[in-house]
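Protein chains in written order, with our numbering: chain A, 5 to 118; chain B, 113 to 240. One structure is given below, encoded as structure tokens.
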Amino acid sequence: KNQVEQSPQSLIILEGKNCTLQCNYTVSPFSNLRWYKQDTGRGPVSLTIMTFSENTKSNGRYTATLDADTKQSSLHITASQLSDSASYICVVTPKYSSASKIIFGSGTRLSIRP
Amino acid sequence: GAVVSQHPSWVICKSGTSVKIECRSLDFQATTMFWYRQFPKQSLMLMATSNEGSKATYEQGVEKDKFLINHASLTLSTLTVTSAHPEDSSFYICSACRTDFKAVTLRGQGYWDHTEAFFGQGTRLTVV
């Protein structure tokens, strides 16, 4: 069964610190792996998108990495800001699949404390 | 980047009434849109896949007569919650994918490759 699991479920860090969120998947092959940020009460916003052949993708203070051998992805946030408080969702799209098979992780709720 | 607009952002309605939520792709054509439901502190749950010009495909456990989906054009899909009840109160989100149709796979059939998914801002529905 195709799955996407994220850890930790929640995380609290102090403003200015770095953190890393994990995503383990069993989906194979996949078309792309995406990280989204979802603020409370808002729709998810795309942070990064990586294909199978890409190892890393950056978007400002956000850097996503992908290890296809271990089927792991991580999202690293540098110099965290209060506005980084949100849920971060890992999404994997299986290749050769129907449109409805986009698989969402359960997300990591990140809280930044001043 | 591409924009998906969802309207309204929030709505309060009386029990027994119907509510329509619109999802528009503003700068690209979306043959397929998705409708999700999200409860507090939980991940998005796919309700249905909306296909332009044809009937929507509903996920198991989702009542198609209660959640009416219409995808009349390449830029607009609507979700109507009929005879709403308090348990229907939730956060509803739509998304639209940029897709590229790949002509050939290992099995000799084409498939949809979803290159990017864009989400609407969500609609908070409260039924009182």
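All C-beta atoms in this analysis are idealised placements derived from N, C-alpha and C, irrespective of residue type, glycine included.
**OP:** Could you list which residues in chain B have their beta carbon closer than 9 Å to that of A/Ile106, in chain order?
**Re:** Contacts between A/Ile106 and chain B, judged by CB atoms closer than 9 Å, involve Phe146, Leu158, Ser207, Cys209, His226 and Ala229 in chain order.
Original post:
Nearest-angstrom Cα distance between B/Gln233 and B/Asp139?
Top reply: Using only the alpha carbons, I get a separation of about 16 Å.
Subject >> Proximity winner among B/Thr129, B/Thr161 and B/Arg136, relative to B/Pro120 (alpha-carbon distances) >> reply: Ranking the options by Cα distance to B/Pro120, first place goes to B/Arg136.
Original post:
If you measure from the beta carbon of A/Ile93 to each beta carbon in chain B, is any gap under 8 Å?
Top reply: Flagged as an interface residue toward chain B: A/Ile93, by a C-beta distance shorter than 8 Å.
Subject >> Coil, strand or helix - B/Glu134 by DSSP >> reply: It is a strand residue.
Original post:
What is the C-beta distance between A/Val31 and A/Pro98, in whole angstroms, given that I count them as a contact (C-beta under 8 Å)?
Top reply: Rounded to the nearest angstrom, the Cβ distance from A/Val31 to A/Pro98 is 5 Å, consistent with a contact under 8 Å.
Original post:
The beta strand (DSSP E) spanning A/Arg63 covers which residue range?
Top reply: Per the sequence presented here, residue 63 of chain A reads as Asn, with Arg not at that position. For A/Asn63, the uninterrupted beta strand (DSSP E) segment begins and ends at Thr60 to Asn63.
**OP:** Tell me, please, whether the CB atom of B/Val216 is closer than 8 Å to any CB atom in chain A?
**Re:** Residue placement at B/Val216 is flagged as unreliable, the pLDDT there being 44, under the threshold of 50; a coordinate-derived value is accordingly withheld.
**OP:** Using the Cα positions of B/Glu199 and A/Thr60, report the straight-line distance between them to the nearest angstrom.
**Re:** In this structure, the CA atom of B/Glu199 is about 42 Å from the CA atom of A/Thr60.
Original post:
Looking at C-alpha atoms only, which residue of A/Lys21, A/Gln85 and A/Cys27 is the closest neighbour of A/Pro12?
Top reply: Looking at the Cα atoms, A/Cys27 is the closest of the given residues.
Original post:
Using 8 Å as the limit for Cβ to Cβ distance, is A/Ser77 near chain B?
Top reply: Chain B contact via Cβ: absent.
Original post:
Quick one: does B/Leu237 have its CB under 8 Å from some CB of chain A?
Top reply: Taking 8 Å as the threshold, the shortest C-beta distance from B/Leu237 to chain A does not fall below it.
Subject >> Opening and closing residue of the beta strand (DSSP E) in which A/Gln129 lies >> reply: This structure gives no information on residue 129 of chain A, because the portion of chain A shown stretches from 5 to 118.
Original post:
Mind checking if A/Gly64 is an interface residue toward chain B, Cβ cutoff 8 Å exclusive?
Top reply: Judged by the 8 Å Cβ criterion, A/Gly64 is not in contact with chain B.
Subject >> Helix, strand or coil at A/Pro48 according to DSSP, with G and I counted as helix >> reply: Reduced to three states, the DSSP call for A/Pro48 is coil.
**OP:** Please name the residue or residues paired with B/Ser155 in a DSSP beta bridge.
**Re:** In the DSSP assignment, B/Ser155 forms no beta bridge with any residue.
**OP:** Using beta-carbon positions only, say whether B/Thr190 and B/Lys132 come within less than 8 Å of one another.
**Re:** Against a cut-off of 8 Å, the Cβ pair of B/Lys132 and B/Thr190 comes out as a contact.
Original post:
If we count the other Cβ atoms within 10 Å of its Cβ and call it buried at 16 or more, is A/Ser62 buried or exposed?
Top reply: Burial call: exposed.
Subject >> Cross-strand partners of A/Ser35 (DSSP beta bridge) >> reply: Beta-bridge pairing links A/Ser35 to no other residue.
Original post:
Within this structure, are the beta carbons of A/Ser115 and A/Ile53 separated by less than 8 Å?
Top reply: No.
Subject >> Local conformation of B/Ser166 per DSSP, three classes >> reply: In this structure, B/Ser166 counts as coil in the three-state DSSP scheme.
Original post:
Which first and last residues belong to the beta strand (DSSP E) in which A/Ser11 is found?
Top reply: Element bounds for A/Ser11: Val8 to Ser11.
Original post:
What residue from A/Ile106, A/Leu79, A/Gly47 and A/Ser87 has the CA that sits closest to A/Trp39's CA?
Top reply: The option with the nearest alpha carbon to A/Trp39 is A/Leu79.
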